[in-house]
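Counting along the sequence shown from 1, when you hit position 139 you're at 142 in our numbering, and nothing is skipped either side. We put the beta carbon where it would ideally sit given N, CA and C, even for glycine. Computed from a predicted model, the values in this text were never measured in an experiment. Below is one structure, written out as structure tokens, with a few remarks after it.
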Amino acid sequence: MTMSHAVAGNDRPPRVRPVFSAVTWKEIAHLVTNLPEAILGFVYAVVMVSTAGGLSVTAIGLPLLAAGLFLSRQWGRLERARARLLLGVRVEEPTPIPGPRRSGGFFPWLWTSIKDPVGWRTVLYQLIRLPWAVLTFTVVLTGLFVLWPVLPYLVRLLANADRAMVRGLLSPSDDLERRIAELESDRGVVVDTAAADLRRIERDLHDGAQARLVALAMGLGLAKEKLLEDPEGAAAMVDEAHGEVKLALQELRDLARGIHPAVLTDRGLDAALSSVAARCVVPVKVLADLPAGQEARPAEAIEGIAYFVVSELLQNVSKHARARGATVEVWRAGARLMIRVSDDGRGGADTSGGSGLAGLAERLDAVDGVLVVDSPEGEGTVVSAELPWRDRVPGRG
């Protein structure tokens, strides 16, 4: 591999040579400019921290500290750019802190800004750089006149220490950044799911119960007009309207059951899942090992999601599995609610291609849950789901 290819492939410096290559001169420039940058950064960090700390007892102290940490973030951006240009270090930019509007108000934004780990690590970088910058400036300047035969090796050693500092203190926190990205994605999934559910409810009401009630009102109007002229015909129309009322009520019950069934609220997850299993077209065995008592139940949201997951999985069994039987198991394992739905059908289910299982996986992921599908062809399907167990708040549900 040539030198040019090595630099392009990653941010490691090329092998040091006892000659002053372009890379060595860039490293020398970085080490020499460390001193003025470090003096300015050190003075700023000391003044900012001492001023904000001294004024913390007043109303402007904490906002001043938040503003100072924000400017330190911008200082870190400039330092990453300088390291990228002169040292070849490629460090990802941290995620910006959302403004007061997206953070839910001024005080949540203020608290998030004060806790900002990126800003505080940049302040630490500014404080420890001054003695290091004095050392690098002195060694490089002296080496140019006295130690020039070994200067490339010294420069590389010092530049590698600078690279480690930039990566260690100015890079984003991997765990925090990943968690922020997950939460942003999960929030989008929750919003999209809620919007889809609202559209489904509106469509079901419009196409089902609403249309049936409109036809019912028209039929009753005609029966009223015929009441004196044709009592028998009017009675037949009223009887037909009575049947329409029953169908409309059944559709409304089914719709309400799909949103949040009354049996789940009144009797808990065990009874609600047994009710779902009874409506499945294949025999379903329900095995529930959950704590007894109203207060021992999981939070309402977790119960609702668990009910929805099992209901969707049993619908898949009814429609696609060609199974002779299925089993639903629910139990608590520490801080997790475990669900397993298995059948002896044809198998071949997967979460790819925008299937219903993919939608379930997204819903579970939005609440820190997990969905695992094991479905070999011709050997049945086992779908395992995990949900975080959150205790029910007293007085609710």
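query	result
Within 10 angstroms of its Cβ, does V284 collect 16 or more other Cβ (buried), or is it exposed?	exposed
The beta strand (DSSP E) spanning D346 covers which residue range?	339-346
Give every residue of the same chain whose Cβ lies closer than 6 angstroms to the Cβ of V126, excluding the five residues on either side of it in the sequence, and list them in chain order.	A48, S75
In terms of residues, what are the limits of the beta strand (DSSP E) holding E332?	329-336
Count the other C-beta atoms from every protein chain shown that fall within 10 angstroms of the C-beta of P120, then say buried if there are 16 or more, exposed otherwise.	exposed
What do you reckon, are the CB atoms on R325 and R349 nearer than 7 angstroms?	yes
Apply the 10 Å Cβ neighbour rule to V217 and answer buried if 16 or more other Cβ atoms are within range, or exposed otherwise.	exposed
Since G92 and R170 should fall inside the 8 angstroms C-beta cutoff, what is the C-beta to C-beta distance between them, to a whole number of angstroms?	The residue asked about is misnamed: residue 92 is Val in this sequence, not Gly. At roughly 7 angstroms, the Cβ-Cβ gap stays under 8 angstroms, so V92 and R170 are in contact.
Residues in its own chain within less than 6 angstroms of G79 by CB, not counting five upstream and five downstream?	T125, L173
So, T354 versus A369, is the Cβ gap smaller than 7 angstroms?	no
Can you tell me which of the three DSSP states T98 falls into?	coil
Could you give the C-beta distance for L147 and L154, rounded to a whole number, given that I count them as a contact under 8 angstroms?	7 angstroms
Short of 6 angstroms in beta carbon distance, which residues of its chain neighbour L130, apart from the five on each side in sequence? Order them along the chain.	A48
Considering just the uninterrupted stretch of the alpha helix (DSSP H) at V26, what are its terminal residues?	25-57
So S345 packs on T384, CB below 8 angstroms; how close in whole Å?	7 angstroms
Along the chain, where does the beta strand (DSSP E) that runs through L390 open and close?	384-391
Quick check on T139: buried or exposed, where buried means 16 or more other Cβ atoms within 10 Å of its Cβ?	buried
What residues are listed by DSSP as bridge partners for A291?	V333
Name, in chain order, the residues that DSSP records as bridge partners for D377.	V385
Round the Cβ separation of V137 and L34 to the nearest angstrom and send it over; I've been treating them as touching at under 8 angstroms.	Not quite, the Cβ-Cβ distance comes to about 11 angstroms (not below 8 angstroms), so this is no contact.
Would you call N13 buried or exposed, if buried means 16 or more other Cβ atoms sit within 10 Å of its Cβ?	Model confidence at N13 stands at a pLDDT of 49, short of 50, so the residue's coordinates are unreliable and nothing is read from them.
Counting only the same chain and skipping the five closest in sequence on each side, list residues whose C-beta sits under 7 angstroms from that of L230.	A237
Which value, in whole angstroms, describes the spacing of the CA atoms of D394 and R366?	20 angstroms
Work out the CA separation of W135 and F73 for me, nearest whole Å.	24 angstroms
Drop a sphere of 10 angstroms on the beta-carbon of P301, count the other beta-carbons inside from all chains shown, and report buried for 16 or more, exposed for fewer.	buried
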